[in-house]
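So the sequence shown is numbered by UniProt numbering: it starts at 1 and just counts up by one. Even for Gly, the Cβ is constructed at its ideal location relative to N, Cα and C. Since the structure is predicted, the reported quantities are computational estimates derived from the model, not experimental observations.
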Amino acid sequence: MALRLRRLDHVGYGYAIYQGQALVATGKGAINTLSHVFDAEAIGALKGLQKALTLPSNADTQRWLCIDSTSVICCKRANASDTSQWAFLESHRLIDRHAVNIRWSPGHQGITGNEAADSLADAGAKSDIVDPGPTAQPTISGIGSIARSLAHNVTSGWWRKNEPTLSGGYRKWQLDYALKEPMELKLSRPTLHRLLALRSRHSDFEAYHKTFQA
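Here it is, written out as structure tokens:
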């Protein structure tokens, strides 16, 4: 079974199930728009596995779940992620019960199953048909993206409002407002001291001395 995902308006998934070289079943669908491709890969792999387990097979049949995302494979084997956790936990249960093997299947390599699943994922995203239940719910990663975007908009708006009130000495550097640790803090203390002095003009500069001599 091969799996490929594409992001359009919805996030779509697709799967193709093979017995030997014969294509025996396919499936596709979409998940909530507040989600990521990672979620679709997790859910699509589960949907494909569930379908494969309903097909006729021999007692000695070996089942392989082929996925092109190493991060999804890691979570399928153990340590389910917080986002789409329900899909990973159900996969764990089925994988353990039916002794399913997992294999990495690199994408964009002309692998027949991947190409088929890729087309199905496109069709699933375009169909806007979302299965009921957890699949239709926003995911943690999708909600997190919205939260980060809102926080960025708030801080950016605050900076646009307050940056003009700074002195010309600061504004000429055209500094952005960032919450992450700036690269400058990795400098040595003497170097950082001189950089801060240069940017703030609060040090041994002619303009600084003139200001305090006035």
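Return the CA-CA distance between residue i and residue j, expressed in angstroms with no decimal places.
i           : j    : result
residue 234 : A136 : Shown here, the chain extends from 1 to 214; a query on residue 234 therefore has no answer.
D131        : G29  : 7 Å
residue 263 : K172 : No statement about residue 263 is possible, as the shown extent of the chain runs from 1 to 214 and does not include it.
I129        : N153 : 32 Å
S200        : G169 : 7 Å
L8          : L34  : Because the pLDDT at L8 is just 42, under 50, the model does not fix this residue reliably, and the point stays unresolved.
H98         : I143 : 33 Å
P106        : G113 : 11 Å
V24         : A147 : 42 Å
D60         : Q50  : 18 Å
E41         : W86  : 13 Å
P56         : W64  : 15 Å
Opposite residue i in the DSSP bridges: which residues?
i    : result
R103 : C66
K28  : G14
L23  : Y18
V130 : A30
Check residue i in the structure and name its three-state DSSP category.
i    : result
Y170 : helix
I111 : coil
S35  : coil
K76  : helix
E90  : helix
N153 : helix
L187 : coil
E41  : helix
Buried or exposed for residue i, going by 16 or more other Cβ atoms inside 10 Å?
i    : result
D176 : exposed
N162 : exposed
C66  : buried
I17  : buried
E184 : exposed
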